[in-house]
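A.B. asks: If you scroll down you'll find the structure; I have some questions about it.
Have a look at this one:
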């Protein structure tokens with residue numbers, strides 16, 4: 356009986372409200388008014404424990420939940436970098452690093468740190484073995500890439516967070532070998548402009564500024580095939596690891612006077628031609644193009660304001 360009375364009261368309230376509103380609204384807006392009135396009435400009925408109409412999304416979420424695009428939505432934290440992992444393509448969406456002068460260089464003669472980077476000649480002479488690639492167990496087994504996926508392919512294992520960025524930290528250097536940091540690269544890619552860009556960041560930007568934030572990641576750009584624009588890329592192994600067509604680096608430079616400057620680059624995943632005179636400036640790319648290709652917005656909260664930088668191309672790289 357109480358249930359019937361409550362429903363009757365709700366219907367009466369809806370009817371009265373509709374009559375009042377429709378006297379002020381044109382006839383073609385009647386459905387909108389009824390919908391708004393129903394939404395106002397529903398919370399009171401639901402609070403009384405009644406079975407009223409509920410938005411279908413709420414019913415699905417409460418009953419069984421929504422499927423997630425990625426099995427792990429939060430970025431993966433490591434000692435000196437952070438990774439957003441793409442469980443669909445088995446490669447990172449992006450890898451963010453914070454590079455500082457004191458992590459690369461030692462001005463104090465009493466500094467006893469030893470260069471432990473496994474790709475460094477000094478470290479090799481000390482007998483330090485190169486760390487082995489290993490999976491991150493935080494990623495579901497369905498979505499992990501494996502070293503075996505790269506076997507019998509023409510691609511190499513490329514690293515977004517470079518172990519050379521952590522020359523005195525064996526733990527951070529070893530963590531760069533995690534498979535969530537690995538992307539398929541064409542042989543010779545890491546020895547071309549990409550290597551020059553990494554050296555430019557370490558040898559110039561880090562030396563001359565307070566700190567440098569580096570975001571690196573893969574891109575999938577469409578290509579023309581038989582007059583059609585298509586998205587085509589290789590996949591490797593049983594894990595079906597996707598091979599990106601390009602890579603990007605978005606660099607935020609924190610100067611000693613507290614200003615922030617921006618440089619953004621995009622490079623194709625290919626081996627540079629022999630004898631080709633390549634300049635890093637040729638790969639400078641407006642940030643809006645990288646955002647369009649990657650599906651990322653790098654500064655969504657728009658709290659970052661960049662000063663003018665001679666390296667930037669385009670007056671408006673981002674609508675800040």
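Residue numbers (the working numbering): 356 to 675. All C-beta atoms, glycine included, are put in the ideal place defined by N, C-alpha and C. Quick caveat: nothing in here was measured; it's all calculated off a predicted structure.
#1: Using CA atoms only, rank isn't needed, just tell me which of 617, 652 and 632 is closest to residue 639.
#2: State yes or no: is the C-beta of residue 541 within less than 8 Å of the C-beta of residue 626?
#3: Determine the direct distance from the alpha carbon of residue 408 to that of residue 491, and round the result to whole angstroms.
#4: Please report the distance separating the alpha-carbon of residue 600 from that of residue 576.
#5: Between which two residues does the beta strand (DSSP E) holding residue 620 run?
#6: With DSSP run on the structure shown, which of helix, strand or coil describes residue 652?
#7: If you check the beta carbons only, do residue 454 and residue 551 fall under 8 Å apart?
#8: Give every residue of the same chain whose Cβ lies closer than 7 Å to the Cβ of residue 508, excluding the five residues on either side of it in the sequence, and list them in chain order.
#9: Under three-state DSSP, which class holds residue 611?
#10: Any idea if residue 415 is buried or exposed, counting beta-carbon neighbours within 10 angstroms, 16 or more meaning buried?
#11: Quick one: residues in its chain with C-beta nearer than 7 Å to the C-beta of residue 461, no 5 flanking neighbours on either side, listed in chain order?
#12: Between the region 486 to 505 and the region 520 to 539, do at least 3 Cβ pairs fall closer than 8 Å?
#13: Taking the beta carbon of residue 384 as the centre, do at least 16 other beta carbons fall within 10 Å, making it buried, or is it exposed?
#14: Buried or exposed, going by whether 16 or more other CB atoms sit within 10 Å of the CB of residue 656?
#15: Could you tell me the alpha carbon to alpha carbon distance between residue 545 and residue 629, rounded to whole angstroms?
#16: For residue 446, count neighbouring Cβ atoms within 10 angstroms of its own Cβ and tell me buried if that reaches 16, exposed if not.
#17: State whether the region 562 to 573 contacts the region 604 to 617, with contact taken as three or more CB pairs (one from each stretch) at a distance under 8 Å.
#18: Out of curiosity, what's the CA-to-CA distance linking residue 645 and residue 465?
C.D. replies: Taking the coordinates as given:
#1: The residue you call residue 639 lines up with position 284 of the chain shown. If we check each option's Cα against that of residue 639, 617 comes out closest.
#2: Sequence index remark: in the chain shown, residue 541 carries index 186 (1-based). Sequence index remark: in the chain shown, residue 626 carries index 271 (1-based). It is a contact, given that the beta carbons lie within the stated cut-off.
#3: Here residue 491 refers to the residue found at position 136 of the chain shown. Here residue 408 refers to the residue found at position 53 of the chain shown. So the two alpha carbons sit approximately 44 Å from each other.
#4: Position 245 of the chain shown, counted from the first residue, corresponds to residue 600. Position 221 of the chain shown, counted from the first residue, corresponds to residue 576. So the two alpha carbons sit approximately 6 Å from each other.
#5: Within the chain shown, the letter at position 265 stands for residue 620. Unbroken beta strand (DSSP E) run through residue 620: 615 to 623.
#6: Here the question's residue 652 lines up with position 297 in the chain shown. Coil.
#7: On the chain shown, position 99 is the one that residue 454 refers to. On the chain shown, position 196 is the one that residue 551 refers to. Not closer than 8 Å, so no.
#8: Here residue 508 refers to the residue found at position 153 of the chain shown. Counting only Cβ-Cβ distances below 7 Å, and skipping sequence neighbours, we find 591.
#9: Position 256 of the chain shown, counting from 1, holds the residue named residue 611. In the structure shown, residue 611 sits in coil (DSSP, three-state: anything other than H, G, I, E or B).
#10: On the chain shown, residue 415 is found 60 positions in, with the first residue counted as 1. When all chains shown are included, residue 415 counts as exposed.
#11: Walking along the chain shown from the start, residue 461 turns up at place 106. 468, listed in sequence order.
#12: yes
#13: Along the chain shown, one-based indexing puts residue 384 at 29. Residue confidence for residue 384 is low, a pLDDT of 49 falling below 50, so the modelled location carries little weight and cannot support an answer.
#14: Within the chain shown, the letter at position 301 stands for residue 656. Under this definition residue 656 is an exposed residue.
#15: Locating residue 545 in the chain shown gives position 190, counting from the first residue. Locating residue 629 in the chain shown gives position 274, counting from the first residue. When rounded, the distance between both Cα atoms is 14 Å.
#16: Your numbering for residue 446 matches position 91 in the chain shown. Label assigned to residue 446: buried.
#17: yes
#18: Position 290 of the chain shown, counted from the first residue, corresponds to residue 645. Position 110 of the chain shown, counted from the first residue, corresponds to residue 465. Distance between the alpha carbons of residue 645 and residue 465: 44 Å.
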